[in-house]
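What follows is one structure encoded as structure tokens, with my remarks underneath.
There are 2 protein chains.
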Amino acid sequence: MKLFVAACSAFLTIAPAVAADLRQQIDGYRAAHETAIVGQLDELTRLKSVAADPQGLAATAAHLEGLLKARGFETASWSAAGSPPVVYGFFKSPTAKRTAVFYAHYDGQPVTPAQWSSDPFMPVMRDGPAGADVDWKAAKPPFNPQWHLFGRAAADDKSSITAFLAAFDALKALHRQPSVNIKVVWEGEEEANSAHLDAILKDHAADLAADLWLIGDGPVHQSRSATLYFGARGGLSLEATIYGPVRALHDGHYGNWAPNPAVMAAELIAQMRDSEGRILIPGFSDDVRPLTAAEKTAIAQLPPVEDSLKQEFGTGRSEGQEGLTASTMRPALNIRGIRSGQVGAEAANAIPVDATVSVDFRLVPDETPGHVRAKLEAFLRSKGWTIVTTAPDAATRTAHPRIIRLSWGGSYPALRSDMASPAAKGVIAAAEKAAGGKVTLLPMMGASVPIYLFDDLFHVPVIGLPITNHDNNQHAANENLRLRNLWDGINLYAAMMAELNW
Amino acid sequence: MKLFVAACSAFLTIAPAVAADLRQQIDGYRAAHETAIVGQLDELTRLKSVAADPQGLAATAAHLEGLLKARGFETASWSAAGSPPVVYGFFKSPTAKRTAVFYAHYDGQPVTPAQWSSDPFMPVMRDGPAGADVDWKAAKPPFNPQWHLFGRAAADDKSSITAFLAAFDALKALHRQPSVNIKVVWEGEEEANSAHLDAILKDHAADLAADLWLIGDGPVHQSRSATLYFGARGGLSLEATIYGPVRALHDGHYGNWAPNPAVMAAELIAQMRDSEGRILIPGFSDDVRPLTAAEKTAIAQLPPVEDSLKQEFGTGRSEGQEGLTASTMRPALNIRGIRSGQVGAEAANAIPVDATVSVDFRLVPDETPGHVRAKLEAFLRSKGWTIVTTAPDAATRTAHPRIIRLSWGGSYPALRSDMASPAAKGVIAAAEKAAGGKVTLLPMMGASVPIYLFDDLFHVPVIGLPITNHDNNQHAANENLRLRNLWDGINLYAAMMAELNW
Numbered sequence: 002m003k004l005f006v007a008a009c010s011a012f013l014t015i016a017p018a019v020a021a022d023l024r025q026q027i028d029g030y031r032a033a034h035e036t037a038i039v040g041q042l043d044e045l046t047r048l049k050s051v052a053a054d055p056q057g058l059a060a061t062a063a064h065l066e067g068l069l070k071a072r073g074f075e076t077a078s079w080s081a082a083g084s085p086p087v088v089y090g091f092f093k094s095p096t097a098k099r100t101a102v103f104y105a106h107y108d109g110q111p112v113t114p115a116q117w118s119s120d121p122f123m124p125v126m127r128d129g130p131a132g133a134d135v136d137w138k139a140a141k142p143p144f145n146p147q148w149h150l151f152g153r154a155a156a157d158d159k160s161s162i163t164a165f166l167a168a169f170d171a172l173k174a175l176h177r178q179p180s181v182n183i184k185v186v187w188e189g190e191e192e193a194n195s196a197h198l199d200a201i202l203k204d205h206a207a208d209l210a211a212d213l214w215l216i217g218d219g220p221v222h223q224s225r226s227a228t229l230y231f232g233a234r235g236g237l238s239l240e241a242t243i244y245g246p247v248r249a250l251h252d253g254h255y256g257n258w259a260p261n262p263a264v265m266a267a268e269l270i271a272q273m274r275d276s277e278g279r280i281l282i283p284g285f286s287d288d289v290r291p292l293t294a295a296e297k298t299a300i301a302q303l304p305p306v307e308d309s310l311k312q313e314f315g316t317g318r319s320e321g322q323e324g325l326t327a328s329t330m331r332p333a334l335n336i337r338g339i340r341s342g343q344v345g346a347e348a349a350n351a352i353p354v355d356a357t358v359s360v361d362f363r364l365v366p367d368e369t370p371g372h373v374r375a376k377l378e379a380f381l382r383s384k385g386w387t388i389v390t391t392a393p394d395a396a397t398r399t400a401h402p403r404i405i406r407l408s409w410g411g412s413y414p415a416l417r418s419d420m421a422s423p424a425a426k427g428v429i430a431a432a433e434k435a436a437g438g439k440v441t442l443l444p445m446m447g448a449s450v451p452i453y454l455f456d457d458l459f460h461v462p463v464i465g466l467p468i469t470n471h472d473n474n475q476h477a478a479n480e481n482l483r484l485r486n487l488w489d490g491i492n493l494y495a496a497m498m499a500e501l502n503w
Numbered sequence: 002m003k004l005f006v007a008a009c010s011a012f013l014t015i016a017p018a019v020a021a022d023l024r025q026q027i028d029g030y031r032a033a034h035e036t037a038i039v040g041q042l043d044e045l046t047r048l049k050s051v052a053a054d055p056q057g058l059a060a061t062a063a064h065l066e067g068l069l070k071a072r073g074f075e076t077a078s079w080s081a082a083g084s085p086p087v088v089y090g091f092f093k094s095p096t097a098k099r100t101a102v103f104y105a106h107y108d109g110q111p112v113t114p115a116q117w118s119s120d121p122f123m124p125v126m127r128d129g130p131a132g133a134d135v136d137w138k139a140a141k142p143p144f145n146p147q148w149h150l151f152g153r154a155a156a157d158d159k160s161s162i163t164a165f166l167a168a169f170d171a172l173k174a175l176h177r178q179p180s181v182n183i184k185v186v187w188e189g190e191e192e193a194n195s196a197h198l199d200a201i202l203k204d205h206a207a208d209l210a211a212d213l214w215l216i217g218d219g220p221v222h223q224s225r226s227a228t229l230y231f232g233a234r235g236g237l238s239l240e241a242t243i244y245g246p247v248r249a250l251h252d253g254h255y256g257n258w259a260p261n262p263a264v265m266a267a268e269l270i271a272q273m274r275d276s277e278g279r280i281l282i283p284g285f286s287d288d289v290r291p292l293t294a295a296e297k298t299a300i301a302q303l304p305p306v307e308d309s310l311k312q313e314f315g316t317g318r319s320e321g322q323e324g325l326t327a328s329t330m331r332p333a334l335n336i337r338g339i340r341s342g343q344v345g346a347e348a349a350n351a352i353p354v355d356a357t358v359s360v361d362f363r364l365v366p367d368e369t370p371g372h373v374r375a376k377l378e379a380f381l382r383s384k385g386w387t388i389v390t391t392a393p394d395a396a397t398r399t400a401h402p403r404i405i406r407l408s409w410g411g412s413y414p415a416l417r418s419d420m421a422s423p424a425a426k427g428v429i430a431a432a433e434k435a436a437g438g439k440v441t442l443l444p445m446m447g448a449s450v451p452i453y454l455f456d457d458l459f460h461v462p463v464i465g466l467p468i469t470n471h472d473n474n475q476h477a478a479n480e481n482l483r484l485r486n487l488w489d490g491i492n493l494y495a496a497m498m499a500e501l502n503w
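Sequence order for the protein chains is W and S.
So the first sequence is numbered by the working numbering: it starts at 2 and just counts up by one.
So the second sequence is numbered by the working numbering: it starts at 2 and just counts up by one.
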């Protein structure tokens, strides 16, 4: 259903304030409105926008559309094949010559409530990442910026949506006319592989004419400095099952003779990937586009974070010696999980019947999911594996020495866009004003967001505008947003709306 | 508590029947008593003699002691430090010059009832390994010998106890005087590593003076022929936990850099053991005593079973090319289970926090558990691992690149005894009479039973007298005994009681 309302200018057109002042002005506005801004995020987080709750997704989309409409945006709600709606908004600025699309997603990862310290949809403020509860509604601002608000999607991406709305409200209160026309694309299916986004964007390509996409997703650099990223790795998931005997066999009577699928799985993993992160599959990296000199320089200039992260993560080593960001510029073969037989009190002296390995590939330009699949399957065949896609029957099992069942999951390619385009230079300059200094520039985010789509469809620069803390527990229990990151995010969004020019 | 009753001779002393006749006579007795014999096994199987039920173990022991006493055995019940009782029995034969101890265990493996087709302690007869239920109590004997009785410990070892009792009853009914003095040691802690058996045997060494131990445990050869074994592998269990980051990390942002414990576990397994069953740890096999020429000959004469087992197990290969029995003459490093992260619908794009591997070593002469432990730990250190025995604290985690927590479980060494001793020759001759032909001779059973103890303490031959079908699902769900095996076992036990002489 399309819901268009006439756009209206909520801004008075006045002379722009001095650029250096904007940051102070936004800080002042935010300081006076901290309770309302956190209240906005709290309210959004209470909406159960997870794939398991289609009604929650629909209600969230309707709420967001209302928020845009109330601010004078022309709005619409777009879906395809029953997908969660994409919330669209458009705010035209009379003086702007460029148009920027602000993308974020309002859906959150699935939750396992038992793993959470509190209800994922009843936000709780704590005075640190593992701190005591705080009654922020009763507290007098300014809030301690080291407080964290806990809740599913509070960081990923409702923090970006909240920062966008607060920045827009601040500019309005400050009578600042946007320097660009603003379009909004808030997606509800990002955590489910954006299965319908391509179709929806194609259907509405005319509405999405723009000069730039800004992606409100992902965390800032681990140094906690303001960050822009110019690409993201792609993804490809795989579940592989390796078959042993049809029933668990006594490992005293049959061990050393009956094939042990846990051992076969371990051997295969070790053949594919070593403990330094190197992928050992022949030809796997043939399609990898080398980093440019500018990208290498950007990586070399990143603040060092490795030692503090090892402390934070309780690890005594890293994979490889390149450093975090350089490591994530390469393709990755991540093992997400292994299950075979039993361990602990349930362990029996038995050869397991199978072993299941869950794999998460991260792709870099110019790999394609199809090529990665083909290379892995060719590698398996070269090692004597018979590939099946359904559970093998008795005849199949006895006819082949090594049987592996592959269930390929969702996938999309990576993107790295030009860090030196005019639009990129404009975004960097605006971000530096918001940050009051240099910002961290990442050629590519290690995580995956389907931003290749925007490049593929619209052929305009795509730049990441992350605001959440790196330790936000994104995709895990106890997801949280640090308030300082929200405050910085409001400054960043305000600069993108008021000071972006190229 | 000791409970001695005066032994009395329940047998009339008459001239022995012609040896060739005994088999037919026992068959005749059994045919007339099938309902009662299966009833005995059914009754024993209903007793919940599992480690989780100490009262069930005590009740089973008391019941068994009563069965022996009723048959004229001097009996006792021995424990140490609150262990389940060892049921002891002694039946003196006026004409015997030798004494044989009949060992079996009455405890069963733990159960996971949800995995069973029926209550593990409510025995059910079926007309095949996966057949339809049979109302055997209403059926008219002779029963179909391909029926299987399902229940925990129905095979391992209550079938041996039932065969022993039925053979004894048959000989009494046939007025056959035992050719050996009979001692009984029925243990209740074998499935829990026989933790107190050594102490109990030492405490009662005087009562256990004998010339031979016969071990009523384990399955017959997969060819289903009557079998004797002259040793058993030892065992040593290990649970190893490998540590990754303290919390699950997004594998897009941190994969290729933060150590992945699932990969480290796979790499370590592949370094220790290949998919052909070879142990790759340097020096691991230094203590292995070579097979004798007689043992090699015995293995070469075994009926081939590999092809039919591959069909039965649904496997298209074996580990190694030596054949089943030769493979199980070597030490084994069995992986019983692996757990790391999540698979399937629960898989998240995260680097797991740890990986747990459950390992079951099988030892051969002259390996000792202590040497195996030392060799593995030296190997781990050579590969850069820091070994801990409790969960590492934050300082430990960040100080060491690779941390592995080892929890060593119960252990005991292997035994291979002389296949050509006078006692062994006597046992083989008696078994051949029971079988009406050649029997299968295994130098060593692949599975572990703590028979090294009997050798260590008493320095007399120790020979295995298995009766259960190889496909009895021992240690797994739906454990079962094939009736033909019980019938053959009664013949074998009768021959050991009435025709054993050397």
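C-beta: ideal position from N, C-alpha, C; glycine also.
In this text, all values refer to a predicted model and were calculated from it rather than measured experimentally.
Extent of the continuous alpha helix (DSSP H) to which residue i belongs
i      : result
R363/W : Looking at the DSSP string, R363/W is not in any alpha helix (DSSP H); the run it does join, the beta strand (DSSP E), is 355-364.
G256/S : Premise fails: G256/S is in no alpha helix (DSSP H) and is neither H nor E.
H372/W : 370-383
Interface flag, residue i vs chain W, CB-CB below 8 Å
i      : result
G411/S : no
H254/S : yes
F314/S : yes
M445/S : no
A82/S  : no
Q322/S : no
S341/S : yes
Buried versus exposed call for residue i [16 or more other C-beta atoms within 10 Å across all chains shown]
i      : result
D287/W : exposed
D22/S  : exposed
A335/S : Looking at the sequence shown, residue 335/S is not Ala but Asn. The residue is buried, with at least 16 neighbouring Cβ atoms inside 10 Å.
R382/W : exposed
CB contact check: residue i to chain S, cutoff 8 Å
i      : result
N486/W : no
L42/W  : no
D361/W : yes
G67/W  : no
I352/W : yes
H442/W : The amino acid occupying residue 442/W in the given sequence is Leu; His does not appear at that position. Chain S contact via Cβ: absent.
G345/W : yes
Beta carbon of residue i nearer than 8 Å to that of residue j
i      : j      : result
A295/W : T441/W : no
R234/W : L364/W : yes
L172/W : L42/W  : no
L58/S  : L166/S : no
L416/S : G217/S : no
A210/W : M497/W : no
DSSP-derived helix/strand/coil call for residue i
i      : result
M126/S : strand
G338/W : strand
V511/S : Outside the displayed range of chain S (2 to 503) lies residue 511/S, so it cannot be described from this structure.
E192/S : helix
H401/S : coil
N182/S : strand
N474/S : coil
Delimiting residues of the beta strand (DSSP E) encompassing residue i
i     : result
T76/S : 75-79
Min CB distance residue i to chain B below 8 Å
i     : result
Q56/S : Judged by its chain identifiers, the structure shown contains no chain B, and its protein chains are W and S.
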